[in-house]
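The structure under discussion appears below in the form of structure tokens.
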Amino acid sequence: MNTPTLPLPEVLRSPAPAELAPAVLFRVGLADEYLTVDAPVGPVFVARNGRGLSATAPAFTSDAADAFEAAFRTRFGRPIRPARHVGRAEVATLETALREGRGRGVRFDLRATTPFGRAVLDAALRIPRGEIRPYGWVARQIGHPAAVRAVGSALGHNPVPLLIPCHRVVHSDGRIGDYAWGSDVKRAVLAAEGVAPDAVEAGARSGQRYLGSATTHVVCFPTCHHARRIAPRHRVPFATLEAAEAAGYRPCRDCRP
Amino acid sequence: MPTGTGEADPGIDADGPAAWPPDPLAARLASDLDGAFPALVTAHADLVYAVAMRSTRDAMAAEDLAQDAFVRAYRALERYPAQRVRDLHLRAWLSRITLNLARNRARDRRARPAEAPLEAIAFDAADAAPRPDEAVLRRESAAAWQARLAALPPAYAMAVELRHVHGLSYAEMAEALGRPLNTAKVHVHRGLALLRTAYEKEIQS
Numbered sequence: 001m002n003t004p005t006l007p008l009p010e011v012l013r014s015p016a017p018a019e020l021a022p023a024v025l026f027r028v029g030l031a032d033e034y035l036t037v038d039a040p041v042g043p044v045f046v047a048r049n050g051r052g053l054s055a056t057a058p059a060f061t062s063d064a065a066d067a068f069e070a071a072f073r074t075r076f077g078r079p080i081r082p083a084r085h086v087g088r089a090e091v092a093t094l095e096t097a098l099r100e101g102r103g104r105g106v107r108f109d110l111r112a113t114t115p116f117g118r119a120v121l122d123a124a125l126r127i128p129r130g131e132i133r134p135y136g137w138v139a140r141q142i143g144h145p146a147a148v149r150a151v152g153s154a155l156g157h158n159p160v161p162l163l164i165p166c167h168r169v170v171h172s173d174g175r176i177g178d179y180a181w182g183s184d185v186k187r188a189v190l191a192a193e194g195v196a197p198d199a200v201e202a203g204a205r206s207g208q209r210y211l212g213s214a215t216t217h218v219v220c221f222p223t224c225h226h227a228r229r230i231a232p233r234h235r236v237p238f239a240t241l242e243a244a245e246a247a248g249y250r251p252c253r254d255c256r257p
Numbered sequence: 258m259p260t261g262t263g264e265a266d267p268g269i270d271a272d273g274p275a276a277w278p279p280d281p282l283a284a285r286l287a288s289d290l291d292g293a294f295p296a297l298v299t300a301h302a303d304l305v306y307a308v309a310m311r312s313t314r315d316a317m318a319a320e321d322l323a324q325d326a327f328v329r330a331y332r333a334l335e336r337y338p339a340q341r342v343r344d345l346h347l348r349a350w351l352s353r354i355t356l357n358l359a360r361n362r363a364r365d366r367r368a369r370p371a372e373a374p375l376e377a378i379a380f381d382a383a384d385a386a387p388r389p390d391e392a393v394l395r396r397e398s399a400a401a402w403q404a405r406l407a408a409l410p411p412a413y414a415m416a417v418e419l420r421h422v423h424g425l426s427y428a429e430m431a432e433a434l435g436r437p438l439n440t441a442k443v444h445v446h447r448g449l450a451l452l453r454t455a456y457e458k459e460i461q462s
């Protein structure tokens, strides 16, 4: 219907650069790129698009890259390829974020996560490095105290493990529990952060699930940075919060047991 | 109204843009933006890049501009109600976004690109001149035609490119350029006349 009056050669139609479409799709979050970054437990794949960091996966297994790309496409339905341009500043930021697990200075792309799941991940982000919290604590923090199982499921679907520290959430009886990358990795990550998984489990088994200070009469989770500063002779273990409160202890305002 | 080209632009003058048939891609964008957007980029990357290139005359700047135009289009599509997306004339809309961005950047740089006068110009004798033989034209190298096109006033070059390289209708062009339909026609005709003159001069010498 649009017949040119002057037969300009079709070759005048110069094609757009090949990188235009991939770059656009990356920027709007419809295609991702990934890079390999060193984490305390070994190399880790970090995927990102223009909206933020979208996925992490262990890079320390054989054929990890192919498996990661395939799993990413299946899970998110988007294309992914190795990053073309990786700046030193970006790697440094990601290394810090993987080490600290606080999400400082990074944005996440959590479009595939439900609002409930995002609330759970937000709560996990507030757990400091070197500390752990029970699943029930997360459930209370987000205002769904009965949804303990759903919290576990939401943490299991964390698309960016390590960057959002779902590994810092454990069973209320002290068992370290499952992890998307395997429970051995969870224990290794916690150990690298200064939490001794064996000691935590042993303490919980012997009824030390809370730790009070005999001088301040404040009761904490045992890994709370306040609890770790209590002098050994002032440490008062409790099996339940009720027992601590009955003994005149108030819950710590930081770790909020 | 002089047509000068002897071509058909069915329905446009009589009925205006509302007469355009619904675009299946626009309908897909309205119902599944993320699913359909890659197809939009693939389908119209050449057009958007050409408009960007014609606006910036620089390959790097054009690629940046084309990227930004598509990103802006995506964000707009996220906000628009479904009916508005279904009614979009995608080529005209994308061209307009690209042109507006280019204009804003040029203004930001305080270095407005030279623009051809907008007033209607009577068709001159060149329009009536015999057309160059098609086969001869097709043998011409793309580079030679690109050079002739680049030598036109920018508004004419843009109009000829949209119309004759990318096949936009005059109504689409009017929407893309934000100008009256007649102005689009005039610019195309003036541009073609100048191209023809330039071509004939070259083959005579």
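Listed in order, the protein sequences are those of chains W and Z. Note that my numbering has the first sequence beginning at 1, numbered continuously upward. Note that my numbering has the second sequence beginning at 258, numbered continuously upward. For each residue, glycine too, the CB sits at the ideal point set by N, CA and C.
Check	Outcome
Alpha carbon of Arg311 (chain Z) to alpha carbon of Pro279 (chain Z), nearest angstrom	28 Å
The region 69-88 of chain W contacting the region 162-180 of chain W, beta-carbon criterion three pairs below 8 Å	no
Glu100 (chain W) versus Leu125 (chain W) - alpha carbon distance	10 Å
Interface positions of the region 20-48 of chain W facing chain Z (Cβ-Cβ less than 7 Å), listed along the chain	Leu20, Ala21, Ala23, Val24, Leu25, Arg27, Val28, Leu30
Short Cβ contact (9 Å threshold) for Arg78 (chain W) with Asp38 (chain W)	no
CB-CB length for Ile354 (chain Z) against Ala318 (chain Z), believed under 8 Å	So it is not a contact: roughly 16 Å between Cβ atoms.
Spatial distance of Asp442 (chain Z) from His423 (chain Z) (CA atoms)	It should be pointed out that residue 442 (chain Z) corresponds to Lys in this sequence rather than to Asp. For Lys442 (chain Z) and His423 (chain Z), the distance between alpha carbons rounds to 15 Å.
Backbone CA spacing between Ala401 (chain Z) and Ala408 (chain Z) [nearest angstrom]	11 Å
Member of Z:Leu434, Z:Leu406, Z:Tyr337 whose CA lies at the smallest distance from the CA of Leu358 (chain Z)	Z:Leu434
Ala386 (chain Z) at chain W interface by Cβ criterion, 9 Å	Its pLDDT being 45, under 50, Ala386 (chain Z) is placed unreliably by the model, and nothing is read from it.
Gly42 (chain W) - partner residues in DSSP beta bridges	W:Ala39
Under 9 Å by beta carbon: chain W residues contacting Glu320 (chain Z)	Ala16, Pro17, Glu19, Leu20, Ala23
Where Tyr331 (chain Z) meets chain W, residues with beta-carbon distance less than 7 Å	Val28
Contact set between the region 299-313 of chain Z and chain W, restricted to residues whose Cβ is under 8 Å from the partner	Thr299, Ala302, Asp303, Val305, Tyr306, Ala307, Met310
Best match in W:Glu19, W:Arg256, W:Ala57 for proximity to Leu35 (chain W) [C-alpha to C-alpha]	W:Ala57
Cut-off 7 Å between Cβ atoms - residues of its own chain near Glu418 (chain Z), not counting five sequence neighbours on either side	Ala307, Arg311, Leu406
Under 7 Å from the C-beta of Val328 (chain Z): neighbouring residues of chain W	Val24, Arg27, Val28
Distance between beta carbons of Phe76 (chain W) and Ala23 (chain W), contact taken as under 8 Å	The pair is not a contact, with the Cβ atoms about 19 Å apart (cut-off 8 Å).
As assigned by DSSP and simplified to three states, the class of Pro387 (chain Z)	Summary for Pro387 (chain Z): the model assigns pLDDT 46, below 50, so the residue's position carries little reliability, and this model does not support an answer.
Proximal residues of chain W, C-beta to C-beta of Asp291 (chain Z) below 7 Å	Leu30
Minimum Cβ-Cβ distance from Ala316 (chain Z) to chain W less than 9 Å	yes
Contact with chain W by Leu406 (chain Z), beta-carbon distance below 9 Å	yes
Contacts around Phe60 (chain W), its chain only, beta-carbon distance under 7 Å, and the 5 residues preceding and following it disregarded	Gly42, Pro43
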